[in-house]
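Notes follow the structure.
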Amino acid sequence: MTFLSSRPLLLALMASGALAQTSGRYHYASIGVRTGVEFAVQVHAGAAELKPSPGGAAFAFKHPALPELALEAVSTAVRDVVAAVPSAATASPGLLVAVRAPEPAATVALAPGEWSAALVNLNKGKAAGLITGFADFKVGPDGALSGVTLASHQSDWDDLTRLENIEPAPVAAWRAGGEGTLVLGGITWKLRVAASGDVLVGTSETGLLIGLRRDRDATTGTLSGLYRVAEFGARNSYAFAPEQARFFAGLGELDALNGQARVTQRLLTADRTLLFQGQSAYVLTGGAGSLAPRLEQRRRNLALVESGRLLISAQMSEVGGLTLVHGLGVGLRALEPAVPSLAARGMSQGGELVLYGRGLLAQSLQLIVDGQPAPIARQAPNQVNLKVQPSGSSVRVELEWMGKRGAPVTVALSGAPDFADAPAAPGSAVAMPASANAGQTITLTVAGPAAPAGFAVLFDGIAGVLPSATKPSAAWPGALDLQVTVPTALRASSHVAVAIAAPGFYTDLGDIAVARPRPASAN
258 MTFLSSRPLL
268 LALMASGALA
278 QTSGRYHYAS
288 IGVRTGVEFA
298 VQVHAGAAEL
308 KPSPGGAAFA
318 FKHPALPELA
328 LEAVSTAVRD
338 VVAAVPSAAT
348 ASPGLLVAVR
358 APEPAATVAL
368 APGEWSAALV
378 NLNKGKAAGL
388 ITGFADFKVG
398 PDGALSGVTL
408 ASHQSDWDDL
418 TRLENIEPAP
428 VAAWRAGGEG
438 TLVLGGITWK
448 LRVAASGDVL
458 VGTSETGLLI
468 GLRRDRDATT
478 GTLSGLYRVA
488 EFGARNSYAF
498 APEQARFFAG
508 LGELDALNGQ
518 ARVTQRLLTA
528 DRTLLFQGQS
538 AYVLTGGAGS
548 LAPRLEQRRR
558 NLALVESGRL
568 LISAQMSEVG
578 GLTLVHGLGV
588 GLRALEPAVP
598 SLAARGMSQG
608 GELVLYGRGL
618 LAQSLQLIVD
628 GQPAPIARQA
638 PNQVNLKVQP
648 SGSSVRVELE
658 WMGKRGAPVT
668 VALSGAPDFA
678 DAPAAPGSAV
688 AMPASANAGQ
698 TITLTVAGPA
708 APAGFAVLFD
718 GIAGVLPSAT
728 KPSAAWPGAL
738 DLQVTVPTAL
748 RASSHVAVAI
758 AAPGFYTDLG
768 DIAVARPRPA
778 SAN
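If you want it as structure tokens, here you go:
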């Protein structure tokens, strides 16, 4: 989603604000991988009691595949779903999703309505057999499935997304306790449904599936606010070597407003932890739709349950398109809004004061600079530009939000913001050409702090050449113009991922179409 866009989309974390309400009997399903000299995939499912640990900082839950789960206590509007990824202390990416279980003697089937499911499967337990899919289907009053479609791509084939109508419909057999089976995509899944009947988790021998009953009335206004997100997946560069896939587990937040979703998450890979940031657009109709850097990609990879409290997503391309990212994720709407906060450093650029921090997209946010209200020029979740020209080397800033004014913060002005508190790299907003030739020098306009030392611009994982330093943008005050030469080694593609990377950071800028230059005509 990656929540799930074409980059690491998120799978959501977790519990309700009152931890006692989240404790109880849950069905869980998990997947984990171990890479290195040996490769192993571990899938587990069952029922377990979740209990808050002493102090309420985490859940006490022993799991055979993911021994160091980071079940952090966060407040969400969803009390019947829990998700978690391993902590940074382990080098084994994985994901666990749990749904509140029915009573052991109760027979609970899927609730009637329109459903979607996201799945990931490691065919034959090998990294070279990654399959990611997104399915739509209907459940009738009698529990029968119909209208099943499955969009999927497979790494050891060609990773092109294909859409198939599955007939006859898969058969689900339900037993007491909300357990059943489902055949989907030629794979047998063992399912466990929540007591509410509108969320399910499933496992195959080497895969994980998450499904929900869609909100038929969902529109673009439904996905709004703050979501806790978590995900599991794998990615590689354009020259895909499936056996060398880099698996990741992601945990973070998604801020959604007016058709734009800003994702910030911590990614755990087999050898390091890094911060990912990206921005995606979304469109929803009838509870499902697309979450992607560009909506013209027409990828259908996102679905919401009633009132948008829960979302799922898969790493998909549009049908017929290529994507080398696999995985699935979950998002849970948070009860509490993101409390705005400021970093200790900012900058004065282009006649505007540029401040960094968190929660700066909050509605009704007002900033008081040196005692005077400051008009806002533009906002992003981690950046706000003010129509103020500071006269000194620092400013005194107060945040006024929801009728309350916070304590004054002294913000030092410099060209090197504190990256521990400010955005990890440029990219809170971006303007770039829609297409380019391999070997061509293009200009990217990015909003955010000056790029940290050692940064690179990546095109499908291949670094471009940086012939010149960044400079202030003449067209967009407060932003930077960055010239970069598109790598000549790139193959032609209509969807090349562009990102800014630095040690420990990765900021997704979107996609660009890259063509091979035509050879010069012989005279």
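Residue numbers 258 to 780, in our numbering, belong to the letters of the sequence shown in order.
Ideal Cβ positions, reconstructed from N, Cα and C, are used throughout, including at glycine.
- Can the beta-carbon of residue 570 be found less than 8 Å from the beta-carbon of residue 375? For the pair residue 570 and residue 375, the CB atoms are nearer than the 8 Å cut-off.
- Looking at C-alpha atoms only, which residue of 295, 296, 286, 298 is the closest neighbour of residue 305? Out of 295, 296, 286, 298, 286 has the C-alpha closest to the C-alpha of residue 305.
- Query: Based on the DSSP secondary-structure assignment, which residues constitute the bridge partners of residue 629?
  - Reply: DSSP, once it has assigned bridges, lists 626 as partnering residue 629.
- Message: What does the alpha-carbon distance come out to for the pair residue 647 and residue 737?
- Response: The alpha-carbon atoms of residue 647 and residue 737 are separated by roughly 19 Å.
- Could you tell me whether any non-hydrogen atom of the ligand ZN is closer than 7 Å to the CB of residue 714? The ligand ZN is not among the ligands present in this structure, which contains no ligands whatsoever.
- Query: Can you tell which of 745, 484, 622, 401 has its C-alpha closest to the C-alpha of residue 425?
  - Reply: Measuring C-alpha to C-alpha distances from residue 425 to each of 745, 484, 622, 401 identifies 401 as the nearest.
- Mind checking residue 522: buried by the 16 CB within 10 Å criterion, or exposed? By the neighbour-count rule (16 or more Cβ atoms within 10 Å), residue 522 is buried.
- Residue range of the unbroken beta strand (DSSP E) whose run includes residue 519: Element bounds for residue 519: 517-526.
- Per DSSP, which residues does residue 569 bridge with? Please list them. Paired residues: 560, 587.
- Item | CA-to-CA distance, residue 461 to residue 472, given in whole angstroms | Each residue's Cα considered, the two are about 27 Å apart.
- Item | Through-space distance from residue 338 to residue 643, alpha-carbon basis | Looking at the two C-alpha atoms, the distance is approximately 40 Å.
- Query: Under the rule that 16 or more other beta-carbon atoms within 10 Å means buried, what is residue 597, buried or exposed?
  - Reply: The Cβ neighbour count for residue 597, taken over all protein chains shown within 10 Å, is at least 16; the residue is labelled buried.
- Query: In its own chain, which residues sit with a C-beta less than 6 Å from the C-beta of residue 448, not counting the 5 before and 5 after it?
  - Reply: Excluding positions up to five away in sequence, the list reads 437, 439, 457, 459.
- Message: Rounding to the nearest angstrom, what Cα-Cα distance links residue 614 and residue 512 in this structure?
- Response: Each residue's alpha carbon lies about 14 Å from the other.
- Message: Given this structure, state the Cα-to-Cα distance separating residue 576 from residue 391, to the nearest angstrom.
- Response: Distance between the alpha carbons of residue 576 and residue 391 is about 11 Å.
- Message: So that I know if they touch, is there some Cβ in chain C lying closer than 8 Å to that of residue 340?
- Response: You won't find chain C in this structure, because it holds only one protein chain.
- Is DSSP giving residue 728 helix, strand or coil here? Strand at residue 728.
- Task: Check whether the Cβ atoms of residue 352 and residue 563 sit closer than 8 Å, and answer yes or no.
- Result: Taking C-beta atoms as the reference points, residue 352 and residue 563 fail to come closer than 8 Å.
- Item | Cβ neighbours of residue 303 in the same chain (closer than 7 Å, five flanking residues each side left out) | Here the set comprises 285.
- Message: residue 409 and residue 388 - do their beta-carbons sit closer together than 8 Å?
- Response: A distance below 8 Å separates the beta carbons of residue 388 and residue 409.
- Query: Do you know whose CA, among 584, 295, 454, lies nearest residue 360's CA?
  - Reply: It is 454.
- Task: Tell me residue 431's beta-bridge partners as DSSP assigns them.
- Result: Answer by DSSP bridge pairing, in chain order: 437.
- Could you check if residue 420 is buried or exposed, using at least 16 other CB atoms within 10 Å of its CB as the buried criterion? Its Cβ having fewer than 16 others within 10 Å, residue 420 is exposed.
- In terms of residues, what are the limits of the beta strand (DSSP E) holding residue 373? It spans 370-379 - the beta strand (DSSP E) in which residue 373 sits, taken as one unbroken run.
- Task: Can you grab the Cα-Cα spacing for the pair residue 617 / residue 600, in whole Å?
- Result: Their backbone Cα atoms lie some 11 Å apart in a straight line.
- Query: Between the Cα of residue 654 and the Cα atoms of 729, 507, 667, 377, which residue gives the shortest distance?
  - Reply: Of 729, 507, 667, 377, the residue nearest in Cα terms is 667.
- In the DSSP assignment, find the beta strand (DSSP E) that holds residue 697 and state where it starts and stops. Where residue 697 is concerned, there is no enclosing beta strand (DSSP E), because DSSP gives it neither an H nor an E.
- Query: So, is residue 340 buried or exposed, given that buried needs 16 or more other C-beta atoms within 10 angstroms?
  - Reply: With 16 or more Cβ atoms within 10 Å of its Cβ, residue 340 is classed as buried.
- Message: Less than 8 Å between C-beta atoms, sequence neighbours within five positions excluded: which residues of the same chain meet that for residue 398?
- Response: Short of 8 Å from the beta carbon of residue 398, and not among the five residues preceding or following it, lie these beta carbons of its own chain, in chain order: 369.
- Message: Within the continuous beta strand (DSSP E) that includes residue 604, where are the two ends?
- Response: Annotation: the continuous beta strand (DSSP E) that includes residue 604 extends over 602-606.
- Message: Could you tell me the alpha carbon to alpha carbon distance between residue 629 and residue 662, rounded to whole angstroms?
- Response: Going from the Cα of residue 629 to the Cα of residue 662 covers about 13 Å.
- Message: What would DSSP say about residue 578, mapped onto helix, strand or coil?
- Response: Note: residue 578 maps to coil in three-state DSSP.
- Task: Taking only the alpha-carbon atoms, compute the straight-line gap between residue 415 and residue 605 and give it to the nearest angstrom.
- Result: Residue 415 and residue 605 have their alpha carbons spaced roughly 49 Å apart.
- Along the chain, where does the beta strand (DSSP E) that runs through residue 395 open and close? Per DSSP, residue 395 is one residue of the beta strand (DSSP E) stretching across 387-396.
- Please name the residue, chosen from 548, 588, 350, that lies closest to residue 572 on a Cα-to-Cα basis. Closest option to residue 572, judged by alpha-carbon separation, among 548, 588, 350: 548.
- Query: So who's on the other strand from residue 747, going by DSSP bridges?
  - Reply: Looking at the DSSP output, residue 747 shares a beta bridge with no other residue.
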